[in-house]
Every structure is written in structure tokens, then in C-alpha cells.
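Student: This is the structure, below, for whatever I ask next.
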Amino acid sequence: MDILGIETSCDETAASVVRRHPDGSGEILSDVVLSQLDLHSDFGGVVPELAARSHVSTLDRLVIQALEESSVPLADVDAVAVTSGPGLIGGLMVGLMTAKAIAMAAGKPFIGINHLEGHALTARLTDNVAFPYLLLLVSGGHTQIVLVKGVGEYERWGTTIDDALGEAFDKTAKLLGLGYPGGPAVEQAALAGEPKHFRLPVPMRRDPRLDFSFSGLKTAVRQMAEEQAPLSQQTIADLCLAFQTSVTSSIDDRIAMALDRFNERFGTESKPALVVAGGVAANKAIRATLENRASKAGFRFIAPPLNLCTDNAVMIAWAGAERLAAGLPADELSLAPRSRWPLDQTATAVIGHGKRGAKA
Ligand code: KG4
Ligand code: ZN
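For the sequence shown, counting from 1, position 7 maps to -6 in the working numbering; every step adds exactly one.
Encoded structure:
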């Protein structure tokens, strides 16, 4: 089964062709991603209108490139899958209209994919992970612990009650005068930090709800920065390290509780997997902490390669393939984009919209 995937929900324009073999394994035939980072960096965040316009002007070229590189002619593609939410509505519309036009013109099934489902299922493509498994999704727009039970079957166990983790990194970087995106800048600066200089609280420690909170931490960094002004390079490094340490401890605490809960329900005999996804998964301190915690609890730790952790169309094509293989139906061409679309339909929304769109 060969699926064409399209992703335009935020600031990456992407197209890909992915093959799913009858034994359930996958093969990436092409993976084209155009990042809009330069377009938005002056603004310190994604500007939705600029993002949508850029998707319009580049997407058709990227789709052609993805098809050419895969050597699969459009006539041989089995379905067209596209992110139909959650995300920035202008970008979603561009992807949806393009995918619908291609599906209609070529007479192919059309599938709208939940972007979060794309992130959630990637580990099955890269590492053949079996259900059920636990997912930590940490990006600029999302911070969630999700139980992945099967294709289309998700339980959200925890989410952020304010900022997404990537967003907290970005805001912290901004207030310390570091560049955008802030995550890599904060991680880099923290390398030179003195561990004992500042100590910040660990948000949500031991809270039984498994949720996250980062906005208080960001405020604490701001207050410390104001007290220390003017900031030396060393003080900035010390503050970055304190922030990263506190964030890492909070994640460790939340994930330790989630793994315990998983164990109580499913046991560890089958050596289940803890999977991490999203741009923040690039952070080495966070990765190391998760790896350590997973091994202590008897879990395998799976982190897909970085280019598949951040936004891409491979995961959208793959989710389309998984859905078709599971016997789930394709969509009507009248399908509408959804700025907010929780993976777990039963989970209540705890926060509103952020800079990168709905956070749900
Ligand atoms: O998944 P992603 O590429 O885009 C979406 O949010 O959809 O994630 C981007 C986020 C940004 O907030 C960025 O600051 C953060 O991931 N990030 C990092 C690191 N690299 C990227 N955060 C912490 N440490 C990093 N090394
Ligand atoms: Zn994403």
C-alpha cells in the first residue's frame, strides 16, 4: 500500500510517500520538508497568515517532488492522507484543499489525519512497536502523555494546563535574550551553567493527575533575571540550566507515575515501550532522563530519529496507511479542518489557544 501524505498544520510544509508492506512494516519512499523558520524568526513565533501564504506558494511543488523521489506515479498511489487538525486553520485549509483536489482528480480515497495521531504512530514505522505503549509528546504546541491502545484508540493521561513545553523553552529563551527557536538555544547555554547557582521549583511534583504546568516556572525565571540584571553570560547560562533541570525533574516525576500506572494495568512481561515524540525530544537532558526512567521501570525507550520527531509528512502518510490497514473508512471530500481536535475525544479541554494554534 503506497500513501501520499501532506502536512501543513504549522510552520513546516511537507509531502511524503510511504509504503506499508503486508507484514505491517513500513518504508519511507520520499520525505520532503520545507521549514518556514526564517520566515517567522524575526517575530519570535509563528505568524499564522505568513505560514498559510507560504504553504500556498510551495505545497504543489513539494508534492510533485515527493512523488518524483518515490518513483511511485500518482496513478499507483492507493490513497491521499492529509493533516486535517489540530493546528493553524489557514495552513490546514491549504493542505486539505490540495489533498482533496489531488484525490478527486486522480480518483483516490482521501483521508483526514489527526496530526497527533501521526506523532503517536511514528514509532510503529521506525521501531515496529506493538500496542499498547505509552507516548510522551512534547512539542511547541503539545505536551501530553498518551496511552496508545491501537490505531484510533487513545487515552490522554495528562496534558499541560498552561504552556506547552517547547513554548516554555521559547519564552524563556526570549526573556533571556536568546534566539528563536528557544529550545536549542537554552540547551546550548545550559551546558556552561553552574548547577548550584539557582534553584527553581519542580512543577506538579507528585500531583496524581499526571498533568504538566510550565508557566509558573517561566515567571520564576523572569523574576530571577530581573533581580540579576544586567545579565552576564554566566548568569544566563546558570538560569538556563536551572530552568532545564526543573523541567527535566518535572517530566521525570510525571513519567514515573505514568509508567507505574501502565504497569498496574498491563504488566511489564512484554517489555512495553515508552515512546517520545515532538521537537523537544531533541533535548539531550530530557532524553537521558526518559531513557533512565524507562529502564528502571522495565520499559524499552524509543525515540524516533529527530527528523521524524519534528513535524513531517511521513507520519501523516503512515497514519493513513495504518488506518486503512486497520479497516477504518476513508473520508468524504466535504471533511472540514479542525483547529482543535483532541486525540482522545473523551478528554476534556483544559486550556485555550496558544501562539501555534489550539493546544488541546
Ligand atoms: O515538534 P516541533 O518541531 O514543532 C511543533 O511544535 O509543531 O517542536 C518545536 C519546539 C520548539 O518550541 C523548540 O524550541 C523545541 O521544540 N525544541 C527544543 C529543542 N529543540 C527544539 N526544546 C528543548 N531542547 C531542544 N534541544
Ligand atoms: Zn507536531
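Every residue, glycine too, gets a C-beta built ideally from N, C-alpha and C.
To the nearest angstrom, how far is it from the Cα of M(-12) to the Cα of E319?
Tutor: By 1-based counting over the sequence shown, the position of residue -12 is 1. By 1-based counting over the sequence shown, the position of residue 319 is 332. Cα-Cα distance, rounded: 20 Å.
Student: Just checking my contact of A207 with H106 at CB under 8 Å: how many whole Å lie between their CB atoms?
Tutor: Residue mapping note: residue 207 aligns to position 220 of the sequence shown, counting from 1. Residue mapping note: residue 106 aligns to position 119 of the sequence shown, counting from 1. Incorrect: roughly 29 Å between the Cβ atoms, too far for contact.
Student: Between T276, G82, C(-3) and S41, which has its C-alpha nearest L322's C-alpha?
Tutor: Against the sequence shown, residue 322 aligns to sequence position 335. Comparing Cα positions, the closest option is G82.
Student: Ordered along the chain, which non-local residues of its own chain (more than five positions away) have a Cβ less than 6 Å from that of K205?
Tutor: For this step, residue 205 is matched to residue 218 along the sequence shown. So the qualifying residues of the chain are A155, K158 and T159.
Student: My parser needs the alpha helix (DSSP H) runs of 4 or more residues fully inside the region 82 to 143; what are they?
Tutor: Complete alpha helix (DSSP H) runs here, min 4: 102 to 114.
Student: What does a CB cutoff of less than 8 Å around D247 pick up in its chain, not counting 5 residues either side in sequence?
Tutor: To locate residue 247, count along the sequence shown from 1; it is residue 260. So the qualifying residues of the chain are A284.
Student: Considering only residues of the same chain and omitting the five flanking positions on each side of N270, which have a CB-CB separation below 6 Å?
Tutor: As a position in the sequence shown, residue 270 is number 283, starting the count at 1. The answer, listed in chain order, is E174.
Student: Label D149 either buried or exposed according to how many other C-beta atoms from any shown protein chain fall within 10 Å of its C-beta, with 16 as the threshold for buried.
Tutor: The count along the sequence shown starts at 1 and reaches residue 149 at position 162. With 16 or more Cβ atoms within 10 Å of its Cβ, D149 is classed as buried.
Student: With R143 and L330 assumed to form a contact (beta carbons below 8 Å), what rounded beta-carbon distance in angstroms separates them?
Tutor: Taking the sequence shown and counting its residues from 1, one reaches residue 143 at position 156. Taking the sequence shown and counting its residues from 1, one reaches residue 330 at position 343. The Cβ separation is near 6 Å, so the contact holds.
Student: From D298 to A92, what distance separates their C-alpha atoms?
Tutor: Translated into positions along the sequence shown, residue 298 becomes position 311. Translated into positions along the sequence shown, residue 92 becomes position 105. Their Cα atoms are separated by approximately 27 Å.
Student: Anyone know if the C-beta pair for V267 and L152 falls short of 7 Å?
Tutor: Numbered from 1 along the sequence shown, position 280 holds the residue referred to as residue 267. Numbered from 1 along the sequence shown, position 165 holds the residue referred to as residue 152. Yes, these two residues count as a Cβ contact at 7 Å.
Student: Does the distance between the C-beta of T297 and the nearest non-hydrogen atom of ligand 1 fall short of 6 Å?
Tutor: The residue labelled residue 297 in the question sits at position 310 within the sequence shown. Checking every heavy atom of ligand 1 against the Cβ of T297, one is found closer than 6 Å.
Student: For the region 1 to 35, which segments carrying the beta strand (DSSP E) assignment without a break, of at least 3 residues, lie completely within its bounds, in sequence order?
Tutor: Segments of the beta strand (DSSP E) lying fully in the region 1 to 35: 13 to 22.
Student: Please state whether DSSP places A229 in a helix, a strand or coil.
Tutor: Counting from one through the sequence shown, the residue named residue 229 turns up at place 242. Helix.
Student: Assuming A66 contacts I98 under a Cβ cut-off of 8 Å, what Cβ separation, rounded to an integer in Å, is found between them?
Tutor: Position 79 of the sequence shown holds residue 66. Position 111 of the sequence shown holds residue 98. That belief holds up - the Cβ atoms of A66 and I98 are roughly 6 Å apart, short of 8 Å.
Student: Measuring CA to CA, which of G145, F253 and L311 is closest to P195?
Tutor: Here residue 195 refers to the residue found at position 208 of the sequence shown. When only C-alpha atoms are compared, the closest one is G145.
Student: Assuming L197 contacts A272 under a Cβ cut-off of 8 Å, what Cβ separation, rounded to an integer in Å, is found between them?
Tutor: As a working mapping, residue 197 is identified with position 210 in the sequence shown. As a working mapping, residue 272 is identified with position 285 in the sequence shown. Actually they do not touch by this definition, with Cβ atoms about 21 Å apart.
Student: Which one or two residues does DSSP pair with L(-9) in a beta bridge?
Tutor: For the purposes of this step, residue -9 is taken as the residue at position 4 of the sequence shown. For L(-9), which the question treats as bridged, DSSP gives the partners V4 and V67.
Student: Is it true that the CB of S71 sits closer than 7 Å to the CB of V301?
Tutor: Mapped onto the sequence shown, residue 301 falls at position 314. Mapped onto the sequence shown, residue 71 falls at position 84. In this structure, S71 does not lie closer than 7 Å to V301 by Cβ.
Student: What's the gap between the Cα of K342 and the Cα of G307?
Tutor: Counted from its first residue, the sequence shown places residue 342 at position 355. Counted from its first residue, the sequence shown places residue 307 at position 320. Its pLDDT being 49, under 50, K342 is placed unreliably by the model, and nothing is read from it.
Student: Quick one, which of R325, W305, F185 and S282 has its alpha-carbon nearest H8's?
Tutor: One-based indexing of the sequence shown puts residue 8 at position 21. Residue W305 is the option with its Cα nearest to H8.
Student: From what residue to what residue does the beta strand (DSSP E) around F199 run?
Tutor: Counting from one through the sequence shown, the residue named residue 199 turns up at place 212. Premise fails: F199 is in no beta strand (DSSP E) and is neither H nor E.
Student: To the nearest angstrom, how far is it from the Cα of L134 to the Cα of I242?
Tutor: Your numbering for residue 134 matches position 147 in the sequence shown. Your numbering for residue 242 matches position 255 in the sequence shown. So the two alpha carbons sit approximately 12 Å from each other.
Student: Considering only DSSP beta bridges, list what G72 is partnered with.
Tutor: Stepping through the sequence shown from its first residue, residue 72 is reached at position 85. Bridge partners of G72: N101.
Student: Tell whether a beta-carbon distance below 7 Å holds between M233 and L187.
Tutor: To locate residue 233, count along the sequence shown from 1; it is residue 246. To locate residue 187, count along the sequence shown from 1; it is residue 200. The sequence given here has Ser at residue 233, not Met. A contact, by the Cβ cut-off of 7 Å.
Student: To the nearest angstrom, how far is it from the Cα of S219 to the Cα of A1?
Tutor: Your numbering for residue 219 matches position 232 in the sequence shown. Your numbering for residue 1 matches position 14 in the sequence shown. Taking the straight line from one Cα to the other gives about 40 Å.
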